[in-house]
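Sequential numbering from 1167 applies to the sequence shown in my numbering. We put the beta carbon where it would ideally sit given N, CA and C, even for glycine.
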Amino acid sequence: MEKIKRRSALTSLGALSFGMAVPTLSKGERLRAPYKLVQQTLKTDILVIGGGTAGVVAAIQAARAGRKTMLVENGSQLGGTTTTGGVNYPGIFFAWGKQVIGGIGWEMVQEAVALNDDTLPDFSIPHGKNHPRHQVRLNGQLYAMLIEEKAVAAGVQIRFYETPTSATFQKGSWTVQTVGKGTSTQIICNQLIDCTGNAYAASLAGFPLLRESVTQPGTLMFRLEGYDFKSLDLKLIKGRYEEAIQKGELVKTDFRNNIVGLLKSAGDNIQHVMGADSTTSETHTVANLKGRSSLLTTLRFLRTLPGCEKIRLADVQNETAVRETYRIDGHYKITHEDYVTGKVFDDAVSYSYYPIDVHDENGVIPDHLKEGVVPTVPLRALVPKNSRNFLVAGRMVSSDRLANSALRVQASCMGMGQAAGAAAVLANLQNKTPLDVSMKDLRKMIEEHGGIVPVSAQKG
1167 MEKIKRRSAL
1177 TSLGALSFGM
1187 AVPTLSKGER
1197 LRAPYKLVQQ
1207 TLKTDILVIG
1217 GGTAGVVAAI
1227 QAARAGRKTM
1237 LVENGSQLGG
1247 TTTTGGVNYP
1257 GIFFAWGKQV
1267 IGGIGWEMVQ
1277 EAVALNDDTL
1287 PDFSIPHGKN
1297 HPRHQVRLNG
1307 QLYAMLIEEK
1317 AVAAGVQIRF
1327 YETPTSATFQ
1337 KGSWTVQTVG
1347 KGTSTQIICN
1357 QLIDCTGNAY
1367 AASLAGFPLL
1377 RESVTQPGTL
1387 MFRLEGYDFK
1397 SLDLKLIKGR
1407 YEEAIQKGEL
1417 VKTDFRNNIV
1427 GLLKSAGDNI
1437 QHVMGADSTT
1447 SETHTVANLK
1457 GRSSLLTTLR
1467 FLRTLPGCEK
1477 IRLADVQNET
1487 AVRETYRIDG
1497 HYKITHEDYV
1507 TGKVFDDAVS
1517 YSYYPIDVHD
1527 ENGVIPDHLK
1537 EGVVPTVPLR
1547 ALVPKNSRNF
1557 LVAGRMVSSD
1567 RLANSALRVQ
1577 ASCMGMGQAA
1587 GAAAVLANLQ
1597 NKTPLDVSMK
1607 DLRKMIEEHG
1617 GIVPVSAQKG
């Protein structure tokens, strides 16, 4: 009897927590139990996992080519590094006075520039050792909305807030299980494209991955305002900064041991979060905590300096952007030598153009390409060994660390994304695995959608 009374009391408490203690309900209101997990099975021709720089281009390419396409993204918006990461200057699209990366990515960038009344750099003027001169600055949030509009218009079915938990291949189809807010979804597709940046889907599928023992630091992007850099006593500031480091109040690697550079750039891409890793929710949480803590500590220090008493944050991103985690072990691994000599592969599907750009605890010193050199990306580097109906695009491309430090930038990822999307379409249409599609057909499709295929590869 006592147990029955106790159970009755607990039931009443539960009811109270859901609003039954409210004296009256508004007209039309109904009391409901907690929502149930919706379990469903969906089918699509092509599934893209990861809606970042490469993924959104791959999905749009596949959908525009007439294939039923689904895009799973565990965040709240598309664009990845450009938008959520805040590195809103995707480049570089031109090399030595000639455009080398175009297509869907370039289309999106141009429209974002026009809609914000921005201006493009003069690409006819060589950038020399200052490659940021050819970077295109975007309004990141405007860009996020624009590319979402384009994806929807192309027919891409976007699924935000979902994360894959398994990926299995059987009888010519991939089955990917995802979980999200109130959802548990089984997605069956013919072709799967991993654009997660971390080779996450490739790992779930059981393919071996490559990773360095020490990876590049990440960056929490932000902007400062409320001070006049030209009026600052930089010698005094550098002295105070060194004292703070010696006392352990600041960490010199957090801002590349360059307090003057931090103030001169007013933030931007200056912070280093050592060991930043976006592979799992736990590791990315750590990266975010470290990035915000470092910024807050440094902000408080800056406000103690003469001329910086009113310095403040004008903007800060929601998460720490990450440069390097895992790469696939593909049918071909692009080497540093391949990259710096501009090797044109027989199965080249896109260009890449950027200096070798490895960040470490000392900062970064770009190693620029020799004049006339434009590296290429082979289709084989986008396909894991021992895989079928599976592609990747973006920074997890099969490559060594030095080559990857340049391949990972956004314009290069856009080119890879379009190539992967086109390869998946042809593989789906021809009932093949991507490496078996006709290179002539693949290059033709890329060019039909505005992409640029390496010149000497067009004969293949």
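DSSP state of residue i mapped onto helix, strand, coil
{"i": "residue 1360", "result": "strand"}
{"i": "residue 1509", "result": "coil"}
{"i": "residue 1272", "result": "helix"}
{"i": "residue 1284", "result": "coil"}
{"i": "residue 1365", "result": "coil"}
{"i": "residue 1195", "result": "coil"}
{"i": "residue 1301", "result": "coil"}
{"i": "residue 1355", "result": "strand"}
{"i": "residue 1376", "result": "strand"}
{"i": "residue 1432", "result": "coil"}
{"i": "residue 1618", "result": "coil"}
{"i": "residue 1225", "result": "helix"}
{"i": "residue 1187", "result": "At residue 1187 the pLDDT is 43, less than 50, meaning the model places this residue with poor confidence and gives no usable figure here."}
{"i": "residue 1426", "result": "helix"}
{"i": "residue 1291", "result": "coil"}
{"i": "residue 1398", "result": "coil"}
{"i": "residue 1230", "result": "helix"}
Straight-line gap, residue i to residue j (C-alpha atoms, nearest Å)
{"i": "residue 1504", "j": "residue 1545", "result": "14 Å"}
{"i": "residue 1628", "j": "residue 1481", "result": "Absent from the model: residue 1628. The displayed extent of the chain is 1167 to 1626, so no value can be given."}
{"i": "residue 1557", "j": "residue 1431", "result": "38 Å"}
{"i": "residue 1384", "j": "residue 1457", "result": "8 Å"}
{"i": "residue 1187", "j": "residue 1331", "result": "The predicted position of residue 1187 is uncertain, since its pLDDT is 43 and thus under 50; a value taken from the coordinates is nonetheless stated next. Approximately 40 Å between the Cα atoms of the pair."}
{"i": "residue 1570", "j": "residue 1563", "result": "8 Å"}
{"i": "residue 1322", "j": "residue 1466", "result": "45 Å"}
{"i": "residue 1434", "j": "residue 1606", "result": "43 Å"}
{"i": "residue 1565", "j": "residue 1530", "result": "20 Å"}
{"i": "residue 1540", "j": "residue 1224", "result": "22 Å"}
{"i": "residue 1312", "j": "residue 1302", "result": "16 Å"}
{"i": "residue 1489", "j": "residue 1499", "result": "19 Å"}
{"i": "residue 1178", "j": "residue 1201", "result": "Interpretation of residue 1178 is limited by its pLDDT of 38, a score under 50 that renders its predicted location unreliable; the figure taken from the coordinates is listed afterwards. Their Cα atoms are separated by approximately 19 Å."}
{"i": "residue 1266", "j": "residue 1275", "result": "15 Å"}
{"i": "residue 1273", "j": "residue 1228", "result": "16 Å"}
{"i": "residue 1497", "j": "residue 1487", "result": "28 Å"}
{"i": "residue 1339", "j": "residue 1388", "result": "43 Å"}
{"i": "residue 1448", "j": "residue 1440", "result": "16 Å"}
{"i": "residue 1175", "j": "residue 1325", "result": "Residue placement at residue 1175 is poorly supported in this model, since its pLDDT is 38, which falls under 50; the coordinates still yield a value, given next. Rounded to the nearest angstrom, the two C-alpha atoms are 41 Å apart."}
Beta-ladder partner(s) of residue i, from DSSP
{"i": "residue 1265", "result": "1260"}
{"i": "residue 1514", "result": "1544"}
{"i": "residue 1245", "result": "In the DSSP output, where bridge partners are listed per residue, residue 1245 has none listed."}
{"i": "residue 1384", "result": "1439"}
{"i": "residue 1236", "result": "1213 and 1323"}
{"i": "residue 1415", "result": "In DSSP, residue 1415 forms no bridge with anything."}
{"i": "residue 1550", "result": "1496"}
{"i": "residue 1487", "result": "1385"}
{"i": "residue 1207", "result": "1352"}
{"i": "residue 1478", "result": "1391"}
{"i": "residue 1346", "result": "1328 and 1349"}
8 Å contact criterion, which residue i and residue j should meet: CB distance rounded
{"i": "residue 1219", "j": "residue 1250", "result": "About 11 Å; that fails the 8 Å criterion."}
{"i": "residue 1317", "j": "residue 1230", "result": "Contact flag wrong, Cβ pair sits at about 10 Å."}
{"i": "residue 1588", "j": "residue 1612", "result": "5 Å"}
{"i": "residue 1620", "j": "residue 1514", "result": "4 Å"}
{"i": "residue 1239", "j": "residue 1263", "result": "Actually they are not in contact, since the Cβ atoms of residue 1239 and residue 1263 sit about 36 Å apart, beyond 8 Å."}
{"i": "residue 1578", "j": "residue 1520", "result": "6 Å"}
{"i": "residue 1257", "j": "residue 1616", "result": "No, residue 1257 and residue 1616 are not in contact; Cβ-Cβ is about 18 Å, not under 8 Å."}
{"i": "residue 1346", "j": "residue 1329", "result": "7 Å"}
{"i": "residue 1341", "j": "residue 1351", "result": "Between residue 1351 and residue 1341 the Cβ distance is about 11 Å, and since that is not below 8 Å, they are no contact."}
heavy atom of the ligand NAD below 7 Å from residue i C-beta
{"i": "residue 1547", "result": "Ligands displayed in this structure: none; no statement on the ligand NAD is therefore possible."}
Please go through the region 1316-1343 and give each complete alpha helix (DSSP H) segment of 4 or more residues, from N-terminal end onward. none
Just list the alpha helix (DSSP H) runs in the region 1523-1601, keeping only unbroken ones of 4 residues or longer that don't cross its boundaries, in chain order. 1567-1573 and 1576-1596
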